[in-house]
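Enquirer: Under the numbering used here, the sequence shown is numbered contiguously, ending at residue 671.
C-beta: ideal position from N, C-alpha, C; glycine also.
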Amino acid sequence: MIAQVTAAPPPLVCLDPGHGTPPAVGRQLEPIGPGSRTLKIKDGGGAVGEAAVALAIARRARRLLLARGYRVAMTRTGPTIHLGDGNGNIARARFCNRRHAALMVRIHADGSTVRSLHGVSTLVPAWHRGWTDDIFARSLRAGRALQKAVMRSTGAADRGVVQRGDLTGLNWANVPAVLVETGFLTNQTESRRLKTGAYQQRVARGILLGVAAVVAR
Ligand SMILES: [Zn+2]
Numbered sequence: 455m456i457a458q459v460t461a462a463p464p465p466l467v468c469l470d471p472g473h474g475t476p477p478a479v480g481r482q483l484e485p486i487g488p489g490s491r492t493l494k495i496k497d498g499g500g501a502v503g504e505a506a507v508a509l510a511i512a513r514r515a516r517r518l519l520l521a522r523g524y525r526v527a528m529t530r531t532g533p534t535i536h537l538g539d540g541n542g543n544i545a546r547a548r549f550c551n552r553r554h555a556a557l558m559v560r561i562h563a564d565g566s567t568v569r570s571l572h573g574v575s576t577l578v579p580a581w582h583r584g585w586t587d588d589i590f591a592r593s594l595r596a597g598r599a600l601q602k603a604v605m606r607s608t609g610a611a612d613r614g615v616v617q618r619g620d621l622t623g624l625n626w627a628n629v630p631a632v633l634v635e636t637g638f639l640t641n642q643t644e645s646r647r648l649k650t651g652a653y654q655q656r657v658a659r660g661i662l663l664g665v666a667a668v669v670a671r
C-alpha cells in the first residue's frame, strides 16, 4: 500500500457560540482591531438566555457539519469559555485563525428594548485596511449565503446582511468570518422558538446549508 500523502484534510469550520464569559473577564477591555487605540469590553453578557441558546445551536450545527464531512472546532463546548489568551473576542478569533478555518461562524441571538423587533440578521466585517481587507469579500459572500439559508430553514423575518466595523471578533479574524444573529430573545414569540430543540435544529440546518454553499467539501 502507498499512503495517500497528497489528500488534503476536509475543511474546518470554526463555530463560536457567543458569550459564556465570566463577568470579571467580560468587563476587561481589548482593542477592537490590531493596533487600534479603541478599546471595547470583551463580553457584556448578551441577552438573557443568549449564551445557552447560542451553545445549543452551535452543538447542533457541529453535529450536522461533522455528518457532512467537515471538520469542526468550537471556541466553547460548555457554559464557560476556556481559551486562555485573554478569553475575549481576540482569543476567539485567534482560536479560529490558528486552525486555518475555512470559515468562522459566530452564533448569537439579539436583544432590544423594542419588544416587537424580531428576525434574523448576519453581521460581516466592514472593509478596513490591514484588518479585514483580506477576508472582506469572502466573509460577505459567506454572510449572504448563511443569511439566505437560515431564512429559508426558519422562515424568520429577514433583517439582512450588515457590515460592521466595531466587532472585535471579526476585526481580528484572519479567516473569513460571519456572525449570525439567530433571532430576538426580547421578542416573546421568537424567544419561545429559540428555546426549543426543533427550532434550534432549523437554525443549525440553515447554518449547515449556508456553509455548504460557500465551503466546498
Ligand atoms: Zn450576543
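In or out: residue 575 buried (at least 16 other Cβ within 10 Å) or exposed?
Expert: Numbered from 1 along the sequence shown, position 121 holds the residue referred to as residue 575. With 16 or more other Cβ atoms within 10 Å, it is buried.
Enquirer: Under the rule that 16 or more other beta-carbon atoms within 10 Å means buried, what is residue 518, buried or exposed?
Expert: In the sequence shown, the residue the question calls residue 518 occupies position 64. Buried, because 16 or more other Cβ atoms sit within 10 Å of the Cβ of residue 518.
Enquirer: With distances taken from CA atoms, which of 564, 557, 477 is nearest residue 597?
Expert: As a first step, residue 597 must be located in the sequence shown, where it is residue number 143. Nearest to residue 597 by alpha-carbon distance, out of 564, 557, 477, is 557.
Enquirer: Decide if the region 593 to 609 is in contact with the region 649 to 665; the criterion is three or more beta carbon pairs, one per stretch, under 8 Å apart.
Expert: yes
Enquirer: Going along the chain, which residues put their C-beta within less than 6 Å of some heavy atom in ligand 1?
Expert: 472, 473, 500, 504, 562
Enquirer: Considering Cα atoms alone, identify which of 560, 570, 646 is closest to residue 629.
Expert: Counting from 1 along the sequence shown, the entry for residue 629 is found at position 175. Taking only the C-alpha atoms, the option nearest residue 629 is 560.
Enquirer: Out of curiosity, what's the CA-to-CA distance linking residue 670 and residue 486?
Expert: Residue mapping note: residue 670 aligns to position 216 of the sequence shown, counting from 1. Residue mapping note: residue 486 aligns to position 32 of the sequence shown, counting from 1. Going by the C-alpha atoms only, they are around 31 Å apart.
Enquirer: Which residue comes first and which comes last in the alpha helix (DSSP H) that contains residue 716?
Expert: Not covered by the structure: residue 716. The range shown for the chain is 455 to 671.
Enquirer: Apart from the five residues just before and just after residue 603, which ones in its own chain have a Cβ nearer than 6 Å to its Cβ?
Expert: Reading the sequence shown from its first residue, position 149 is the one you call residue 603. Answer for residue 603: 660, 663, 664, listed in chain order.
Enquirer: What's the C-alpha gap between residue 615 and residue 667?
Expert: Along the sequence shown, one-based indexing puts residue 615 at 161. Along the sequence shown, one-based indexing puts residue 667 at 213. Approximately 16 Å between the Cα atoms of the pair.
Enquirer: How about the region 563 to 572 and the region 583 to 599: do they share at least three Cβ pairs that are nearer than 8 Å?
Expert: Touching, no.
Enquirer: Based on Cα-Cα distance, which residue from 553, 584, 515 lies nearest to residue 465?
Expert: Counted from its first residue, the sequence shown places residue 465 at position 11. Nearest option by C-alpha distance: 553.
Enquirer: Taking the alpha helix (DSSP H) that residue 469 belongs to, which residues open and close that run?
Expert: On the sequence shown, residue 469 is found 15 positions in, with the first residue counted as 1. Unbroken run through residue 469 is the beta strand (DSSP E), 466 to 471; no alpha helix (DSSP H).
Enquirer: For the pair the region 512 to 527 and the region 578 to 588, tell me if three or more CB-CB distances fall below 8 Å.
Expert: no
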